[in-house]
Structure formats: C-alpha cells, structure tokens
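Under this note's numbering, read the sequence shown as residues 385 to 575, first letter to last. A virtual CB, placed ideally from N, CA and C, is assigned to each residue, including glycine.
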Amino acid sequence: MTDLASAPVQQPALTADGDTANAVDPTRRRVVEWSDPSVITAAAPGLSGIELLGRIADGTLPPPPVANLIGMDIESLEIGHAVFGLTVGEHQYNPIGSVHGGVISTVLDSALGCAIHSTLAPGQGYTTLELKVNFDRALTTRVERVRAEAEVVTVGRRVATANARLTGPDGTLYAHASTTCLVFDPTGSPS
C-alpha cells in the first residue's frame, strides 16, 4: 500500500499576495492497493480458523481489502486470542478532528471476530450478531499506532462471545468492546 496521507500536495494555488510558486494545497492523497479477496475465500474451506488467519498473518495469503483500506494488520494470534494493530492517520478522521468511531469499531470488530474464528474447525464460519463499543478517549495522530487485543469468552455450538480493548503504546485505553457471534457449521448454515 502506498500511503501519502500525510504529504501535502504541491498545487498551483494563490497565496494571499497572488503568488502561486510556494502555495501548498491542503489536499492529501492516499492510494490503496489490495489483492483479490476470492483468494482467501477459496482457501478457507480446507483450513481451520487458526490456520487461515495464520496464513494471512505470515503473508502466505493476502489480507482482506478492509485491512489495507484502514491500515490494520494482525500483530499476533493464538487460539482464542487475536491482537490487531492500527496505524493512525488523518485519513481516518471525522469532522471534529479525531479518528472516526467507525474505524475504531472496525478494528475492534476484526480482532474480536478473528479471536473467535481462531477457535473454529475447518469449514466453520461465523458472523457478528452484536457489537458493543465504548469509546473511552479521543484518538488522534498524536498516537501513531494502537492495538486491539481480543480474547474469547466462550464458544458454543451456535454462539460465541469475546471482549477486546484498544490501547496505545503507553497502555492508554481508547475504547473497549464486546461481541456476540453466530457460529455456522461446515455447510454454511447455523449449527
């Protein structure tokens, strides 16, 4: 991914005195590249959740497009536990000057879902039934990177739950969340 989010673009624009030579356009650009997501979908049926996620984490399989779009990745993974990192940038901002709650919710939902996915057998799937997010502190580019650490609470035949925390490098809590997911059997229908 090429990230030009923090680089002002030089454009011919007028300064207060009419000079165009040294004016800076406040526009930023971000170019996002991703791999065909059907590669992951095709690999999934024969792999357990931990195997599939491990292949994404080690680069054997490409990350899902949303990971490149918002700047998140898998930092670590164990059965029932997932840690995602998010590189914070202006491109994630809302109109009030902080990272949009939807971006924070996305990284938490991803870590929560993958913690649950890591416990599933080959062919099993899941989908989020409920996501509850508490925003504890505004997140801005003063923090370069945050971590969403998720831990499974329980996995049953049909329902799984997990909790997560989004923290900065110094341990500051920015948000915490919980999820309830529906677990599917290998045929794709609820167990």
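Can you give the Cα-Cα distance for Gly-555 and Ala-532, rounded to whole angstroms? The count along the sequence shown starts at 1 and reaches residue 555 at position 171. The count along the sequence shown starts at 1 and reaches residue 532 at position 148. Approximately 11 Å between the Cα atoms of the pair.
Give the DSSP-derived three-state secondary structure of Ile-488 in the structure shown. Within the sequence shown, residue 488 is the residue found at index 104, counting from 1. It is helical.
Proximity below 9 Å, CB of Ala-455 to CB of Val-472: As a position in the sequence shown, residue 455 is number 71, starting the count at 1. As a position in the sequence shown, residue 472 is number 88, starting the count at 1. A small fix is needed here, since residue 455 is Gly in this sequence, not Ala. Yes; because the gap between Cβ atoms is below 9 Å, this pair is in contact.
Would a C-beta distance cut-off of 9 Å place Ala-561 and Leu-523 closer than the cut-off? Taking the sequence shown and counting its residues from 1, one reaches residue 561 at position 177. Taking the sequence shown and counting its residues from 1, one reaches residue 523 at position 139. At a Cβ-Cβ threshold of 9 Å, Ala-561 and Leu-523 do not count as neighbours.
In whole angstroms, give me the CA-to-CA distance for His-501 and Ser-419. The sequence position of residue 501 within the sequence shown is 117, counting from 1. The sequence position of residue 419 within the sequence shown is 35, counting from 1. Distance between the alpha carbons of His-501 and Ser-419 is about 21 Å.
Output needed for Ile-424: all residues of its chain with C-beta closer than 6 Å, excluding positions within five of it in sequence on either side, in chain order. The count along the sequence shown starts at 1 and reaches residue 424 at position 40. These residues qualify, in order along the chain: Leu-445.
Whole-angstrom distance between Asp-442 and Ala-389, CA atom to CA atom: Reading the sequence shown from its first residue, position 5 is the one you call residue 389. Reading the sequence shown from its first residue, position 58 is the one you call residue 442. With a pLDDT of 47 at Ala-389, under the threshold of 50, the modelled position of that residue is not reliable, and no figure is offered here.
Burial state of Val-416 (16 or more Cβ within 10 Å): The count along the sequence shown starts at 1 and reaches residue 416 at position 32. Exposed is the call here.
According to the Cβ coordinates, are Ala-546 and Val-467 closer than 9 Å? Against the sequence shown, residue 546 aligns to sequence position 162. Against the sequence shown, residue 467 aligns to sequence position 83. Their beta carbons are not under 9 Å apart, which means Ala-546 does not touch Val-467 by this criterion.
Less than 9 Å separating the beta-carbons of Arg-529 and Gly-433? Position 145 of the sequence shown, counting from 1, holds the residue named residue 529. Position 49 of the sequence shown, counting from 1, holds the residue named residue 433. Contact: no.
Whole alpha helix (DSSP H) elements within the region 409-475, 4-residue minimum: 422-427, 433-441 and 449-454
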